[in-house]
Amino acid sequence: MEDRLGPSLAALVRRLRSRRLAALGFTALATLALALVGTRLSLDEDLLSFLPGDDPEIRGHARALRAFKALDTIRIDLGPLDSEDQLVAAVASFEATLLGEGAPLVSHVFAGVPDLRGAEIALAIADLPARSLPSLARPEEVAAILSKYDDDAALDERLASLFVTLNGLDSAGAQTVIRRDPLGLEGPWFGRVQELQAVVEGARLERGRIVSSDRKHALLLVEPRARASDIEEGEKVMTLLARARERAEGAAGSPLRMVVAGGHQGHIENARAIKFDAWFTSLVSLAAMFLVYAAIFPRRWLIPLTALPLVFGGVFGTAVCALLLGKMSKIAIGFGGILLGLADDFIVHLYYFYELRSRDEHPEPAVSAVERIALPTLAAGTSIAGSFVALAASGFPGQRDLAVFATASLAGTVGFCLLVHPLLLPSGKAPRPLPRAGAPLRAFVSFVERHTRAAVLLAVVATLVLGAFAARIRFEDDPRALDARSKKTLEGEDELSARWGDPSALALVVASGASLDEALAVNDRAYPRLEKLRDEGAVRAVSSIAPLVPSSTVQAARRAAWRALWTEERRASLAARLGRLGGRHHFSARAFEPFLERTASDGDPVSAESLATAALPELVGPRIARDGAGALVVTLVRLRGTDDDALSWVGAFERETGAAVTTGRGFARALVRLVKERLLSCGALAFVAVLAILVSTLRRWRLVLAATLPLALGLVWSVGLLALTGTRIDAVNFLIPVLTFGLSVDYVLFLASGYGRSSGASDEVEQAQGAVVASSVTTLAGMASLLLARHPAIFGVGVVSFVGTSASLLAIFVLTPLLLRDREP
Amino acid sequence: MPELRPPVRAGPARVTAAIVAAAVVLSTARADESPLDALIAKVKKGMAGVKTTRGRFKQTKKLAAFDDTVESKGTFAIERPGKLRWEIESPFKSVLVIAGDKGARWNETRKKVERFALADKPGIDVAVKQMFSWYSGTFDEAKGSFDATVEKEGRAVSLVPKNEKVREVMARISIVFSPDWKTIESIALVEKGGDRTDIAFEGVELDKELPAKTFEIEEK
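Residue numbers (the working numbering), protein chains in the order written: chain P, 7 to 831; chain F, 9 to 228.
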């Protein structure tokens with residue numbers, strides 16, 4: 007390796023050391039300024055913003071979840087209470103607390119429909135076909151009903167049945183409907199409207215409240231003002247709920263249990279787990295790092311200073327993100343912080359060579375160390391940055407944020423390490439000699455070199471075997487696998503699912519369009535297809551507003567068909583028959599005048615806006631949403647289960663209707679598909695980026711091969727080992743193999759840099775091995791600390807990064823010396 | 009999240025049943041001992057110890073749809089807390105039985121026994137609930153929804169919906185209680201335009217042992 011960079015940087019450091027105070031003062035001021043800039047960075051806690059916006063399927067799922075607040079709504083079960091009076095009192099008290107003092111935190115509470123309002127809704131529903139049947143009724147169904155009563159006997163039987171109905175216990179109000187619709191033309195429409203509640207299992211309205219079938223529990227749906235991922239507000243909401251429960255218990259006069267599912271609860275528990283893990287694993291990692299430093303470095307007072315480059319890197323990265331992004335994912339910055347810890351390798355290399363030079367009584371050990379490590383450090387830093395850029399290319403906004411933060415932080419750390427940190431290092435001799443940290447690696451390499459054939463054979467066999475396993479790596483498609491919710495919370499969710507229906511078995515079928523009418527048109531296409539699926543048993547129930555509000559096109563077509571059907575001749579004939587046969591069942595001659603009048607009219611068109619805002623806001627309002635891209639209409643579909651079989655109809659349905667189906671399972675499957683796609687593309691990009699950097703740095707094909715072959719094989723081995731141990735690739739850890747690939751460049755470059763030096767080659771190799779051992783031990787310790795994490799996502803990152811880096815190191819230690827050994831004297 | 013928002017039930021022949029259900033409500037807004045409070049207290053006290061009620065009923069329907077007043081007669085039986093039989097013997101035959109959250113019905117035009125869950129028949133559910141409410145004296149719900157006045161020397165209550173739309177369908181409900189407050193003498197449902205249904209209960213027996221098959225229908 008021809009190294010012009012090292013001497014240049016060394017000269018710069020030498021000049022800076024001559025003005026040390028000024029340089030350090032400037033650095034301190036710059037850090038302060040950067041920290042101030044960094045405070046402008048706002049953190050986005052919305053989980054959905056972590057998802058890629060360039061994938062139509064993912065975008066569709068995220069849009070549906072966001073528009074209909076599927077992730078934000080909190081479901082609350084109150085009970086068990088023996089008396090309905092107690093239950094009603096408890097719910098009233100709970101609701102009052104949330105809507106009273108909880109108003110700043112809660113935007114909406116749904117605990118049922120008061121009796122009178124229920125009656126108004128029933129009237130509004132009944133009023134719809136009364137005014138607009140020609141726009142609502144399907145022409146083929148109207149024709150089929152009319153043809154059924156072409157026969158006098160059938161019509162006579164129908165009229166007899168209506169007479170029975172009018173005299174039955176449940177006859178109140180039936181007269182109005184019978185007079186306007188003696189043949190039951192509204193029947194199919196009412197049947198569909200009644201299906202609106204079909205997806206709600208186990209719930210019923212009692213005294214205006216949603217109660218369970220055993221009438222001992224009540225259900226409330228609470229929409230907080232803050233998103234579920236807003237932990238700070240979420241804590242306040244949970245405190246409010248606890249207070250509301252206490253008061254409800256007082257109102258009920260009996261012990262009252264509250265079970266909460268959805269919304270903030272899971273996010274808070276996940277955030278707590280992540281927070282705990284971040285502190286705990288960081289402390290463990292830091293302790294391990296300091297232990298290694300204490301064992302290796304003779305000047306222990308310098309050890310605390312190792313944190314300075316990392317701190318500066320973090321401040322620099324945050325400032326860059328504030329300037330470039332303005333807002334970034336909180337999750338990304340969390341993971342970025344963990345990854346930044348891995349940059350301690352560069353400090354280890356600096357210290358290691360600094361102490362080596364000091365041991366050798368070099369007059370300027372810090373300057374000489376910079377000269378030695380500058381090229382491999384910058385090359386490794388650039389390679390790691392290259393793999394971060396590959397992360398950014400994944401299209402996941404969170405990964406992009408992570409890439410920008412980590413790359414900028416890395417640049418800051420490397421810059422501080424090479425230019426500022428050497429100013430803090432004294433020129434005097436160390437109190438004790440540097441241990442031969444490279445000795446174990448040296449012994450290992452010697453052993454491999456003595457058994458070259460066996461080592462090569464083993465490497466080939468390992469590659470073939472682990473490569474075969476690597477092809478079978480499994481991807482995690484269960485979102486709960488990344489969930490750190492407590493056992494209590496999960497049991498609560500199971501309890502709610504058992505009592506009120508499993509929300510994960512509910513699909514959101516979303517029709518969208520530039521305008522509401524366009525969305526309704528898609529909804530009109532989707533609804534009959536869903537009805538067919540229900541009739542075939544592919545889904546269990548369908549709850550759609552399509553019967554209530556067809557699109558304007560469908561309404562116009564139905565009205566035209568209505569006009570064509572009701573000819574004067576048909577009307578006159580039916581009027582005569584109803585008059586003649588009705589008399590047999592006490593019906594007056596004018597009994598069916600309202601019906602005959604409506605057959606001569608088109609009725610009123612139905613307005614979706616008016617239903618959603620005035621007549622039926624409780625029914626229609628929540629099914630319609632608007633966002634920047636247009637309007638959305640949601641249909642709820644109760645699935646036959648939560649597995650893939652239950653969703654087998656989705657692909658064909660989406661193609662045929664243009665509506666999109668969102669379920670937890672479907673979302674997870676889309677993520678897995680994307681993860682697979684992006685893992686391959688990002689891996690390829692990272693490889694090309696790293697290869698380009700290695701070629702431009704190492705220049706000689708043999709060195710490049712010695713560097714890249716172990717990295718490639720290490721990647722194959724690590725994926726094979728992950729497959730062998732049953733570790734699954736998930737939406738969080740999927741890019742870690744790409745990252746460890748980039749991080750491992752650090753080791754291979756430093757190791758290769760030892761072989762690349764012409765003078766004192768053997769000593770340089772040993773020194774390089776020592777530095778690599780020291781830095782890799784701290785890195786592995788950092789990764790191993792993640793294995794202590796409670797949160798499965800962080801644990802998964804720990805497993806993948808630890809296995810990946812270990813496999814890469816093994817491949818580097820076995821293959822790089824073999825490929826470069828004839829460089830030794 | 010909208011998935012668990014149960015819509016209010018509606019059906020062609022059940023539309024106003026929901027309103028009638030709401031009409032079981034009496035306004036109890038005033039805390040002082042009004043005639044209404046006194047009536048509620050008497051009804052609750054009178055009906056509190058009654059386990060079963062059975063008897064005959066005569067229903068008179070005067071509807072615009074009919075060219076004459078239609079009279080129907082039959083028997084009824086109630087066993088608290090959740091059993092009911094309503095049998096019409098003339099001018100046609102029909103039976104409705106309810107036991108808990110399940111029911112069955114038969115009539116001579118339908119000819120087959122239909123068994124159902126009350127949750128699936130909201131119209132019947134509402135009608136049955138109102139019967140149980142009236143026959144148990146639990147009038148304390150949905151305060152303020154109706155204007156209630158006490159009539160007939162304090163033995164009857166008249167309920168008028170405060171809501172205009174509701175009044176368009178059900179103008180008034182009147183319930184007359186027996187002198188001992190243990191049962192109901194008559195119910196009148198008055199609709200807009202003068203249509204009305206009057207149900208008079210006769211030969212009422214209290215706390216008689218009712219055979220289990222009272223609340224069942226066998227296939228005929």
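Ideal Cβ positions, reconstructed from N, Cα and C, are used throughout, including at glycine.
- Against P/Glu163, the close residues of chain F are Thr117, in the order they occur along the chain (beta-carbon pairs closer than 8 Å).
- Looking from the CA of P/Pro261, the closest CA among P/Thr784, P/Ala487, P/Leu93 belongs to P/Leu93.
- Ranked by Cα distance from F/Asp109, the first of F/Lys129, F/Ala72, F/Lys70, F/Glu172 is F/Lys129.
- Secondary structure remark: continuous beta strand (DSSP E) runs of at least 3 residues inside the segment 43 to 79 of chain P, in chain order: 48 to 50.
- Between the alpha carbons of P/Thr559 and P/Ala552 lies a distance of about 13 Å.
- The Cβ-Cβ distance between P/Leu755 and P/Ala386 falls below 9 Å.
- Within the segment 109 to 179 of chain F, the complete alpha helix (DSSP H) segments at least 4 residues long are 130 to 142, 172 to 177, listed from N- to C-terminus.
- By the Cβ test, the segment 783 to 797 of chain P is in contact with the segment 272 to 291 of chain P, since at least three Cβ pairs between them sit closer than 8 Å.
- The beta carbons of P/Ser288 and P/Ser687 sit no closer together than 9 Å.
- With fewer than 16 other CB atoms across the displayed protein chains lying within 10 angstroms of its CB, P/Arg46 is exposed.
- For P/Leu381, the closest C-alpha among the options P/Asp162, P/Gly342, P/Asn739, P/Arg705 is that of P/Arg705.
- Within chain F, no residue has its CB atom less than 8 Å from the CB of P/His67, the nearest being about 15 Å off.
- Here the alpha carbon of P/Ala562 sits roughly 44 Å from the alpha carbon of F/Thr68.
- Collapsing the DSSP output to three states places F/Ile86 in a strand.
- Across the set F/Glu116, F/Gln138, F/Ala85, the C-alpha of F/Gln138 shows the shortest separation from the C-alpha of F/Ile183.
- With respect to chain F, the C-beta atom of P/Ile353 has no partner C-beta closer than 9 Å.
- Collapsing the DSSP output to three states places P/Trp572 in coil.
- Inclusion of P/Leu584 and P/Phe601 in the CB contact set at 9 Å is warranted, their separation being smaller than that value.
- Our two residues, F/Asp75 and P/Phe593, have alpha carbons roughly 6 Å apart in a direct line.
- For P/His270, the enclosing alpha helix (DSSP H) has its first and last residue at 270 to 302.
- One finds Leu172, Gln181 in chain P with Cβ atoms closer than 8 Å to the Cβ of F/Leu71, taken in chain order.
- Cβ neighbours of F/Ser98 within its own chain (closer than 7 Å, five residues either side excluded): Ser80, Lys81.
- Bounds of any alpha helix (DSSP H) do not take in P/Trp307, whose DSSP letter is neither H nor E.
- Fully enclosed beta strand (DSSP E) runs of no fewer than 3 residues are not present anywhere in the segment 561 to 614 of chain P.
- The alpha-carbon of P/Pro304 is positioned some 35 Å away from that of P/Val696.
- Nearest neighbour of P/Val643 by Cα position, chosen from P/Pro628, P/Gln775, P/Val667, turns out to be P/Val667.
- The three-state secondary structure of P/Val317, taken from DSSP, is helix.
- For P/Ile184, the nearest CB of chain F lies under 9 Å from its own CB, placing it at the interface with that chain.
- A straight line joining the alpha-carbon of P/Lys494 with that of P/Glu624 spans about 32 Å.
- Within chain P, not a single residue places a beta-carbon under 9 Å from that of F/Trp189; the smallest gap is close to 21 Å.
- Here DSSP, grouped into helix, strand and coil, assigns P/Asp530 to helix.
- The segment 398 to 413 of chain P and the segment 360 to 373 of chain P do not touch, with fewer than three beta-carbon pairs separated by less than 8 Å.
- Residue contact check for F/Met55 against chain P: no CB pair falls below 9 Å.
- The Cβ atoms of P/Thr822 and P/Thr746 do not sit closer than 9 Å to each other.
- Restricting attention to beta strand (DSSP E) runs no shorter than 3 residues, the segment 616 to 678 of chain P encloses them at 630 to 633, 636 to 645, 666 to 668, ordered along the chain.
- It is roughly 13 Å from the alpha-carbon of P/His427 to the alpha-carbon of P/Asp350.
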